[in-house]
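J.: The numbering used here puts the first residue of the sequence shown at 0, with every later residue one more than the last.
Note that beta-carbon positions come from the ideal geometry of N, C-alpha and C, so glycine has one too.
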Amino acid sequence: MSYAGDRLICDADSHLMELPDFLSAHADPLSRHLLPPLGTRTTGLFDPGEHVGKAGQSPETLRKLLQLGDRITRGPKWHDALGAFSGAERSLALDLLGFKRQVVFSSFCARLIFEAPLEVRYPAARAYNRAMAAFCKEDRRLIGVAMVALDEPELARKEIVHAAELGLGAIWIAADPPGGRSPGHPALEPVWKTLAERRLPFILHVGSAALRIPEEWMNDGHPDHVSARGGAEVIGSKDLTVIHHAAQRFISVRCWTGYWTGIRTCAAALSKSEPDGYRT
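Okay, here's the thing in structure tokens:
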């Protein structure tokens, strides 16, 4: 029996684990040199180095992982997990889990793309979206989440169309004021309309804003206090208390500007750390 058993489960928050060449392998040749390196971002408690250049786990490792059956959730994590960086192996993991659908997010690319210089954001997003589509393309249960910066509305609109053509199922955006504008600015109306026409929800997720509070807030005069930050964890308990603020501000400002006037089918999906009252 699978982990789900007789239950109907749609997993709304899974992640793939990028390898260092995740972006560069899918970039346009002329922009590849612009892309931010993933090598320093993909290291933590689990080092992906041994997996670089491989299409999946070794046959022996794969055999051991499959033997876990419905206990797969208790198995290895990060790059060592079944389906961490291989779409084909993710399908095997879904078989063991018994999930009907699974939404797939990036683990390392969000701030790397959203905080990149403007001339890098769109080439990097295009490479990322191609890579995500390649991961999900062989299994209709996988719903890949694209990433699009909204700073340049026309470029954003084109990348949303591109993501839809790739078969991706949602658009992850930053919770920052796009290009120095309110999210309700008229310049962004073509973006919201394109999302509605393509029936793609936009998503504000952990990574839509900075993950950590500034270091000054961590200076409590008690150096012996242990934080969850570091290793496999990038967010501590103090970070979690305010991580929803940026998404809450973005949605509130957009709604007060005008509640999606004329855009009746635009949908937002607020994930993980946003208050329940803001989830749709």
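(1) Among the residues of its own chain, which have a CB less than 8 Å from the CB of I71, if the five just before and after it don't count?
(2) Around the C-beta of R139, are 16 or more other C-beta atoms found within 10 angstroms, so that it is buried, or is it exposed?
(3) What residues match up with R100 in a beta bridge as DSSP calls it?
(4) Can you name the start and end residues of the alpha helix (DSSP H) that W191 belongs to?
(5) When the Cα atoms are used, what is the spatial distance from E114 to M0?
(6) What three-state label does DSSP hand H204 in the structure shown?
(7) Going by the beta-carbon positions, is the gap between E137 and G178 smaller than 8 Å?
(8) Suppose you measure from the CA of K76 to the CA of D10; what does that come to, to the nearest Å?
(9) G166 by DSSP, collapsed to three states: which one?
(10) Between R197 and the rest of its own chain, which residues show a CB-CB distance below 6 Å, the 5 nearest in sequence each way excluded?
(11) State buried or exposed for P36, treating a residue as buried only when at least 16 other CB atoms are found within 10 Å of its CB.
(12) Go to M131, then tell me how far its alpha helix (DSSP H) extends in each direction, as first and last residue.
T.: On the basis of the data shown:
(1) The residue you call residue 71 lines up with position 72 of the sequence shown. Y2, L64, L81, A92, L95, L96, listed in sequence order.
(2) As a position in the sequence shown, residue 139 is number 140, starting the count at 1. It counts as exposed.
(3) Locating residue 100 in the sequence shown gives position 101, counting from the first residue. Per DSSP, C9.
(4) The residue you call residue 191 lines up with position 192 of the sequence shown. Where W191 is concerned, the enclosing alpha helix (DSSP H) stretches over 188-196.
(5) Mapped onto the sequence shown, residue 114 falls at position 115. Mapped onto the sequence shown, residue 0 falls at position 1. Each residue's alpha carbon lies about 44 Å from the other.
(6) Against the sequence shown, residue 204 aligns to sequence position 205. Of the three classes helix, strand and coil, the one that applies to H204 here is coil, per DSSP.
(7) Numbered from 1 along the sequence shown, position 138 holds the residue referred to as residue 137. Numbered from 1 along the sequence shown, position 179 holds the residue referred to as residue 178. Against a cut-off of 8 Å, the Cβ pair of G178 and E137 comes out as no contact.
(8) Here the question's residue 76 lines up with position 77 in the sequence shown. Here the question's residue 10 lines up with position 11 in the sequence shown. If you take the alpha carbons of K76 and D10, they lie about 17 Å apart.
(9) Numbered from 1 along the sequence shown, position 167 holds the residue referred to as residue 166. In the structure shown, G166 sits in coil (DSSP, three-state: anything other than H, G, I, E or B).
(10) Working through the sequence shown from its first residue, we reach residue 197 at position 198. Contacts found: A163.
(11) Mapped onto the sequence shown, residue 36 falls at position 37. Exposed.
(12) Translated into positions along the sequence shown, residue 131 becomes position 132. M131 -> alpha helix (DSSP H) spans 117-135.
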